[in-house]
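According to our numbering, the sequence shown is numbered sequentially starting from 212. Read the structure below first, then the notes.
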Amino acid sequence: MSIVSSLSPRALAAPESGIVEVVNYARGREGLLPLWVGEGDLPTPDFISQAAMDALAAGETFYTWQRGIPELRQALSDYYTRHFGIRLAVEHFYVTGSGMQAIQIAVQALTSPGDELVYLSPSWPNIAAALEISGARSLSVELQFEGGKWAVDLNRIETAITPKTKGIFINTPSNPTGWTATKQDLGDILALARRHDLWIMADEIYARYYFAGGRAPSFLDVMEEGDKVIFVNSFSKNWSMTGWRVGWIAAPPAMGQVLENLIQYSTSGVAQFMQKGAVAALDQGDDFVAANIAKAARSRDILCDALVATNRVETLKPDGAIYAFLKIDGVADSRSAALDIVDKTGVGLAPGTAFGRGGELFLRACFLRDPAQVATAAERLCDYILKL
C-alpha cells in the first residue's frame, strides 16, 4: 500500500481548488492582471498594521482568550450597532483564525457525519468541501439565471430538504454571482427554516459591498430571539486583511462553550497582537472601507460596461460583492478558457467550474482593484472575446 493510499478517504476526497489551479499555473508572470482571487490590490492600511506591531513590541505573544480578547469582542459589538442597527452583546462573538475557520467550526457545531446542509450554487467552493471533509453531505440548489441576473427559487430549496438536513447555508451578497437577497427573500428563507427546524448559516462577508447604498439586507433584519442563525464572517475583504487570517462568528450566547471548545481543539485561539490589529480595523476603519466600496463600484462599472458592449457577454452589474460572473459566447469549458485567457491576455480569471453546479459556463473576475488596472484588463478581455 502506498503512503497516499493509506490516508483517510475524506482527506483523499478533498478536491483541488479550481481557482488555485489557475493561480498556480500563471503566478508570477510579468504584466499579469490578477482578477482571479477575492482580494483587493491594497495592502493592509498602516493604522491596522501599526496597532498589531505595537502589541507585538509590547510582548502580547502569550496564550489568550479562546473566544477572542475582550476589546475585539466589544469592537465587534459596536460595529454591528453602527452598521446593522442592532445591539448584540459581546457574548455573541467568537474570534476565529479566518472566515474559513469560522465556516469549519460552524459546520462542526451544526452537523454530524451523514447529516446534510443545503447551499445555493454557484457558490464559493469551500463550503461544500468543508462539509464533505467533516463527513456531512452538501446539497446544492441552483440559483436561477435569466437575462444576466440571478434569483433564488424557494421551492427548489424546500424540495432539497430531507430528514437528514440540518441547515441551509446562505451567502449574500454572493460569491461568485453577486446575487443579493432582498429582505423578503431572507424572511422567506427564515420562515422555511423555522418550519423545518433548520439552522441557517449566514455568510454576510460582503454585506458592506452593496451598490444601492448602505449595506445589504441581513438576516439580522428579519430574525427574532431564539431563531437558529449563526453568522460567519472575516476581516479579509473590508479592511484588506486577506493574509491575516482573522474572522469571527456571531451566534447565540448559549453556544458559547461549544464554540470555545471547538476553537480550543483547532487553533487554541488567534494571536493577541493580530487581534489588536483587528480592533483598530473595526474602530478606525470605516473611512477605509467606504473608499474600498467606492473603488469597487467604479471598477464594476468599467468592467461590466466594456464587456457588455461587446454583445458577446451575458451579465448584469451585480448588486453586491466584488465579482463579475461572466457568461461569454463561445465558451463551453470555463476551465480551459481561464487557462487560455491568462496565456493570451495576461488577465487572471477564476473558472466557473470551480463554483459548482450552474457555474460551468461562467468566468469570475474580482473588480476590487484600481479602476485603471480594471480598464486595462477589460480592454484585453474585450479584444480576446471579439476574436472568439
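Each residue gets a CB set at the ideal place from its N, CA and C atoms; glycine is no exception. As the structure is a prediction and not an experimental result, all values here were calculated from the model.
A distance of 7 Å or more separates the beta carbons of G458 and S477.
Judged by DSSP in its simplified three-state form, Q355 adopts strand. For K360, the beta-bridge partners assigned by DSSP are E357.
Its chain contains F484, M485, K487, G488 as the residues whose beta carbon lies nearer than 7 Å to that of A263, once the 5 sequence neighbours on both sides are disregarded; these appear in chain order. Given a length threshold of 4 residues, each whole run of the alpha helix (DSSP H) inside the segment 497–562 is given here in chain order: 497–519, 545–556. Take L473, set aside five residues on each side of it, and the residues of its chain with a beta-carbon closer than 8 Å to its own are I316, Q319, A320, in chain order. Non-local beta-carbon contacts of R426 in its own chain, meaning distances under 8 Å to residues more than five positions away in sequence, involve H294, F295, A418, R419 in chain order. Here P428 has A392, T393, K394, L397 as same chain residues with Cβ atoms under 7 Å from its own Cβ, once five neighbours each way along the sequence are excluded.
Under the three-state reduction of DSSP output, V490 falls in the helix class.
Secondary structure note for K394: its alpha helix (DSSP H) is the uninterrupted segment 394–407. When secondary structure is reduced to three states using DSSP, A461 falls in the strand class. In this structure, the beta-carbon distance from V558 to L599 does not fall below 7 Å. The DSSP-derived three-state label of D414 is strand.
Per DSSP, the continuous beta strand (DSSP E) segment holding F573 begins and ends at 573–577.
Selection I460, L579, Q495 evaluated against V306 yields I460 as nearest (Cα-Cα). In this structure, L537 keeps its C-beta atom at 7 Å or more from the C-beta atom of V519.
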